[in-house]
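To keep things clear, I will list the structure first and then write my remarks on it.
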Amino acid sequence: MENDVLATPGHLISLAARGFARLSEVRLKPLGFGTGQLPVLVALQDGTASTQRDLARFAKVEQPPMAQMLARMERDGLIERTPDQQDRRSSHIVLTIAARARMPNAIETLFEGNREALDGFTEDETKQLIAMLTRLIANLDQISSAGQTPD
Numbered sequence: 009m010e011n012d013v014l015a016t017p018g019h020l021i022s023l024a025a026r027g028f029a030r031l032s033e034v035r036l037k038p039l040g041f042g043t044g045q046l047p048v049l050v051a052l053q054d055g056t057a058s059t060q061r062d063l064a065r066f067a068k069v070e071q072p073p074m075a076q077m078l079a080r081m082e083r084d085g086l087i088e089r090t091p092d093q094q095d096r097r098s099s100h101i102v103l104t105i106a107a108r109a110r111m112p113n114a115i116e117t118l119f120e121g122n123r124e125a126l127d128g129f130t131e132d133e134t135k136q137l138i139a140m141l142t143r144l145i146a147n148l149d150q151i152s153s154a155g156q157t158p159d
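For the sequence shown, our numbering begins at 9 and goes up steadily by one.
Written as structure tokens, this is what we have:
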């Protein structure tokens, strides 16, 4: 088992992430949202970010893919941009009224999918899984920001 690359946490977490992404995509599409848009939607909804640069940082993606995503979201009527009065090169981004109206259903859909995926897990197991994944992500972020590579 030690040498089974398919039984490593990295591979299993990757499979789980892809499974969650497929589930979310199928369930969010009828609501007019895509899974990749979730960090942007959440950040705009709760006021965490309002510029392309802030959204890219929040979603942990580079600027060009964020610009493409925002262009699609604007085309699809999910966001609106207004010029920044202090910096004409920048714009403030907000959710449209239509996107705001659909967000509660989208969020409930995601929570429902998580509940279904965690069927059979106790509340303590779910909390422990979340804590371990949060620690794992922090470790991975630290490794990649330090530019470390495995020996």
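For every residue, glycine included, the Cβ atom is placed at its ideal position computed from N, Cα and C. Fair warning: this is a prediction, and the values are worked out from it, not measured in the lab.
Assigned secondary structure, residue i (DSSP; H/G/I helix, E/B strand, else coil)
{"i": "Glu-70", "result": "coil"}
{"i": "Phe-28", "result": "helix"}
{"i": "Thr-134", "result": "helix"}
{"i": "Ser-22", "result": "helix"}
{"i": "Arg-89", "result": "strand"}
{"i": "Leu-118", "result": "helix"}
{"i": "Asp-159", "result": "Confidence at Asp-159 is low in this model, with a pLDDT of 47, below 50, so the placement of that residue should be treated as unreliable; the coordinate-derived value is given next. Here Asp-159 sits in coil by DSSP."}
{"i": "Ser-58", "result": "coil"}
Buried or exposed (CB count within 10 angstroms, at least 16 for buried), residue i
{"i": "Gly-161", "result": "This structure leaves residue 161 out entirely; the chain is present only between 9 and 159."}
{"i": "Asp-159", "result": "The predicted position of Asp-159 is uncertain, since its pLDDT is 47 and thus under 50; no value can be drawn from it."}
{"i": "Val-13", "result": "exposed"}
{"i": "Phe-41", "result": "buried"}
Cβ neighbours of residue i in the same chain (closer than 6 Å, five flanking residues each side left out)
{"i": "Ala-64", "result": "Gln-71, Met-74"}
Span separating the alpha-carbon of residue i from that of residue j
{"i": "Leu-31", "j": "Val-102", "result": "27 Å"}
{"i": "Ala-57", "j": "Val-50", "result": "9 Å"}
{"i": "Leu-78", "j": "Asn-11", "result": "43 Å"}
{"i": "Thr-130", "j": "Leu-23", "result": "22 Å"}
{"i": "Ala-146", "j": "Ser-152", "result": "10 Å"}
Proximal residues to residue i (C-beta, below 7 Å), its chain only, five neighbours per side dropped
{"i": "Ala-106", "result": "Gly-85"}
{"i": "Met-111", "result": "Leu-49, Gln-53"}
Beta-carbon contacts of residue i that lie in its chain and below 8 Å, excluding the five residues immediately before and after
{"i": "Leu-141", "result": "Ile-21"}
{"i": "Val-61", "result": "The amino acid at residue 61 is misidentified as Val; the sequence shows Arg. Closer than 8 Å at Cβ, skipping near neighbours: Gln-71, Ser-98."}
Beta-carbon separation (whole angstroms), residue i vs residue j, contact threshold 8 Å
{"i": "Thr-59", "j": "His-100", "result": "7 Å"}
{"i": "Leu-39", "j": "Thr-104", "result": "At roughly 14 Å, the Cβ-Cβ gap does not stay under 8 Å, so Leu-39 and Thr-104 are not in contact."}
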